[in-house]
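Structure, as structure tokens:
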Amino acid sequence: MLLKRIIPCLDVDKGRVVKGVRYVDHVDAGDPVEVAQLYDAEEADEITFLDITAASEGRRILLDVVARTAEHIFMPLTVGGGVRSLQDVRDLLNAGADKVSIMTAAVENPDLVADAAAKIGSANLVVAIDARARADGAGWEVCTHGGRRPTGIDAVAWARRMAEAGAGEILLTSMDRDGTRSGYDLAFVRSVADAVPVPVIASGGGGTSEDLAAALDDGPAGGHAQAALAASIFHFRELTVGEVKRRLLELGIPVRPPSVDGPGAVR
Amino acid sequence: MSAAPTIAVVDYGFGNLRSVAKALARSRLSPEVTGDAAVVARADGVVLPGVGAFADAAACLGAKGLDEAVRASIEAGRPYLGLCLGLQLLFEESDEHGRTRGLGLLRGRIERFPACDRTGAPLRVPHIGWNSVRFAGAHPMLARLPREDHYYFVHSYRPVGADSAVVVGRTDYGGEFPAAVATERIFAVQFHPEKSQWAGKRLLDAYAAWVSSCR
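In the order they appear, the protein sequences are chains A and B.
FYI, in this note's numbering the residues of the first sequence are -16 to 250.
FYI, in this note's numbering the residues of the second sequence are -15 to 199.
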């Protein structure tokens, strides 16, 4: 059967990991290449880089980081952040990214997703959606610019539209929960996962193994997601990917069992 | 000790083939990414990786004479490894972006996953992530692989109507589909060993051993 995925995410600014890296054994915790190798050794199912560099000259640095990372890992790498055009998508894929994530540019130019899907195929194309719960409780609203700019667009309808346009996957972030470690917004994740015919990656709020299990759970109260993205739970080295997976297996979530946790770090 | 076997990684003009080349090098092969039919013709083995769409890849292979070079290499007894699209291209034709002819080395066609599984439940397409492959059959590579392993998949199309005799790996996604096919000089997989960590390394090590034994 197809297994549920656990995806560590690194925020990268000007080629350095910036969020939440307190301590990592034997590696430069600020170097995305070294951190990615650590997660590869721990048998993370994929890894995601989110580029938060504001300045445009940071693009060359990002492409270099992607190329160096791809040279050293043997797992899928998704890269997002600041992807504005089909050329940006191509540049990242050519640098070694396996999947590219588009967010703000999709809101500003929805044709970009259909265009990119036609040119490069859906399988490598992720549409990222940041959203907040509406104050009146009537669903969730798509935001851009790190959650600061509301768009008035309903997130569930938007996810459906992006999947129709050719998004191969939806990366869904609850901006209400992002960074809080208080658990994923399960009603939100479930609403989107049940509405689209493509895989959904839950993001925002994952603080414990139980949170990840809830997002991935296919039961009536679960999030129904196919993958869970998490940052701080791994970066603070409270838990390894293997430890999280073992707990998920105990909780009945079908994930790839860790085989080489620990010794696998030796290449 | 003889030099590492040379492997032509066929470049049909799309995407980054570096990850395939570096994974082959890790398994002690000597890969060369090439779009040159002459290089394909003299390599000890040929790897056809999986990037882009079926129609674009088939057109590009034909335009550069790479289709004939790949066929000739297989006929000369050199081990072929197909990855993802490199499996699909072996079949007669594909539905992706209209009907397109493949190499026709295997019977069957490439079709998109259905929108629902056999029970009528919706099936998410693309099929993305780690899924198990059960191996069975009599191919030299299978002797070096576990009976079952997990590999990374990312695809929307898969073979339909393949001869069961060539199917050596099976995976469930909305029903069973061929995840690995093999003949005497062909081994091809729908998944990505170059992205499949240790399981992928085991498979590429098995390919390296097979290539070495055929030299």
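Glycine included, every Cβ here is placed at the ideal spot set by N, Cα and C.
Here the structure is a predicted model, which is why all the values come from computation and not from measurement.
Discussion item. Between Q20 of chain A and chain B, is the shortest Cβ-Cβ distance under 9 Å, so that the two count as touching?
Written reply: Closer than 9 Å: no.
Worksheet item: If you draw a straight line from the C-alpha of Q181 of chain B to the C-alpha of R10 of chain B, how long is it?
Response: Each residue's Cα considered, the two are about 11 Å apart.
Discussion item. Taking the alpha helix (DSSP H) that S174 of chain A belongs to, which residues open and close that run?
Written reply: First-last of the alpha helix (DSSP H) with S174 of chain A: L169 to A176.
Fill in: Environment of N107 of chain A [buried if 16+ CB atoms lie within 10 Å]
A residue is called buried when at least 16 other Cβ atoms come within 10 angstroms of its Cβ; N107 of chain A meets this threshold and is buried.
Practice prompt. Could you give the DSSP three-state label for R(-1) of chain A: helix, strand or coil?
Written response: Of the three classes helix, strand and coil, the one that applies to R(-1) of chain A here is strand, per DSSP.
Fill in: Given F32 of chain A as reference, the closest of A:M(-16), A:I85, A:K(-13) and A:L(-14) once Cα atoms are compared
Taking only the C-alpha atoms, the option nearest F32 of chain A is A:I85.
Worksheet item: Pick from B:S3, B:T167, B:R142 and B:R154: whose alpha carbon is nearest that of G92 of chain B?
Response: The candidate whose alpha carbon is nearest that of G92 of chain B is B:R142.
Practice prompt. Classify V4 of chain A as helix, strand or coil using the three-state DSSP reduction.
Written response: The predicted position of V4 of chain A is uncertain, since its pLDDT is 47 and thus under 50; no value can be drawn from it.
Worksheet entry | Length of the line joining the Cα atoms of R144 of chain A and R173 of chain A | C-alpha separation (whole angstroms): 17 Å.
Worksheet entry | Through-space distance from L126 of chain B to W194 of chain B, alpha-carbon basis | Annotation: W194 of chain B to L126 of chain B spans about 10 Å, alpha carbon to alpha carbon.
Discussion item. Please classify Y6 of chain A as buried or exposed, where buried requires at least 16 other C-beta atoms within 10 Å of its C-beta.
Written reply: Low confidence applies here, because Y6 of chain A scores a pLDDT of 48, under 50, leaving its location unreliable and the question unanswered by this model.
Worksheet item: Are there three or more Cβ pairs, one per stretch, closer than 8 Å when the region 105 to 124 of chain A is compared with the region 23 to 32 of chain B?
Response: Taking a contact to require three or more Cβ pairs closer than 8 Å, the region 105 to 124 of chain A and the region 23 to 32 of chain B do not qualify as touching.
Discussion item. Between which residues of its own chain and V4 of chain A is the CB-CB distance below 6 Å, once the five residues before and five after are set aside?
Written reply: The pLDDT assigned to V4 of chain A is 47, lower than 50, so where the model puts this residue is not dependable, and the model offers no usable value.
Item to complete: Identify the contact partners of N77 of chain A in chain B, using a Cβ-Cβ distance below 9 Å as the criterion.
Response: Close to N77 of chain A, with beta-carbon spacing below 9 Å, are these residues of chain B in chain order: G(-1) and N0.
Worksheet item: Going by alpha carbons, who is nearest to E95 of chain B out of B:L67, B:T103 and B:H139?
Response: Among B:L67, B:T103 and B:H139, the Cα nearest to that of E95 of chain B is on B:H139.
Worksheet item: With burial defined as no fewer than 16 other Cβ atoms inside 10 Å of the residue's Cβ, what is the status of T18 of chain B: buried or exposed?
Response: T18 of chain B should be labelled buried.
Worksheet item: Is R85 of chain B closer than 9 Å to D133 of chain B when the C-beta atoms are compared?
Response: Taking 9 Å as the Cβ cut-off, D133 of chain B and R85 of chain B do not qualify as a contacting pair.
Worksheet item: L(-14) of chain A to V90 of chain A, Cα distance in whole Å?
Response: Here the alpha carbons of V90 of chain A and L(-14) of chain A stand approximately 31 Å from one another.
Discussion item. If you measure between the beta carbons of G166 of chain A and G130 of chain A, is that distance less than 9 Å?
Written reply: No.
Fill in: Per-residue DSSP class, three states only, for P180 of chain A
Coil.
Practice prompt. Measuring only between beta-carbons, confirm whether A41 of chain B sits less than 9 Å from chain A.
Written response: Output row for A41 of chain B: interface = no.
Worksheet item: Using a C-beta cutoff of 9 Å, does P182 of chain A count as contacting chain B?
Response: The beta carbon of P182 of chain A falls within 9 Å of a beta carbon belonging to chain B, placing the residue at that interface.
Discussion item. Just to confirm my understanding: we take G64 of chain A, look at its own chain, exclude 5 residues before and 5 after, and list those with CB closer than 7 Å. What are they?
Written reply: If we look at G64 of chain A and ignore the five residues flanking it on each side, its Cβ neighbours are L33, D34 and I35.
Discussion item. Beta-carbon within less than 8 Å of V66 of chain A's beta-carbon, same chain only, minus the 5 sequence neighbours each way: which residues are those?
Written reply: Once the five neighbours on either side are set aside, the close Cβ partners of V66 of chain A are V72, L75, V83, S84, I85, M86 and A88.
Worksheet item: Can you tell me the Cα-Cα spacing of A101 of chain A and S(-14) of chain B, whole angstroms?
Response: Distance between the alpha carbons of A101 of chain A and S(-14) of chain B is about 46 Å.
Practice prompt. Mark N92 of chain A as exposed unless 16 or more other C-beta atoms lie within 10 angstroms of its C-beta, in which case mark it buried.
Written response: Using a 10 angstroms sphere on the CB of N92 of chain A, the tally of other CB atoms stays under 16, which defines it as exposed.
Discussion item. Just to confirm, is the Cβ distance from G153 of chain B to A164 of chain B under 9 Å?
Written reply: Yes, they are a contact pair.
Item to complete: For the alpha helix (DSSP H) holding V4 of chain B, just list the boundary residues, first then last.
Response: Segment R2 to R10, the alpha helix (DSSP H) holding V4 of chain B.
Worksheet item: Is DSSP giving K82 of chain A helix, strand or coil here?
Response: Three-state result, K82 of chain A: strand.
Practice prompt. Return the CA-CA distance between L69 of chain B and V35 of chain B, expressed in angstroms with no decimal places.
Written response: So the two alpha carbons sit approximately 7 Å from each other.
Item to complete: Compare the C-beta of K(-13) of chain A against all C-beta atoms of chain B and say whether one is closer than 9 Å.
Response: By this cut-off, K(-13) of chain A is an interface position.
Worksheet entry | Close Cβ partners of G(-2) of chain A (< 6 Å) along its chain, the five nearest in sequence each way excluded | Answer for G(-2) of chain A: I44 and V48, listed in chain order.
Worksheet item: Which class does E80 of chain B belong to by DSSP, given the choice of helix, strand or coil?
Response: If DSSP states are grouped into helix, strand and coil, E80 of chain B belongs with coil.
Worksheet item: P241 of chain A and R230 of chain A look like a contact to me (Cβ under 8 Å); what is the Cβ gap, rounded to whole Å?
Response: The beta-carbon distance between P241 of chain A and R230 of chain A, rounded to whole angstroms, is 11 Å. This is too long to meet the 8 Å contact definition.
Discussion item. Tell me which residue opens and which closes the alpha helix (DSSP H) that I30 of chain A is part of.
Written reply: Per DSSP, I30 of chain A belongs to no alpha helix (DSSP H); it is in the beta strand (DSSP E), I30 to D34.
Worksheet item: Helix, strand or coil: how does DSSP classify L(-14) of chain A here?
Response: Coil, per DSSP.
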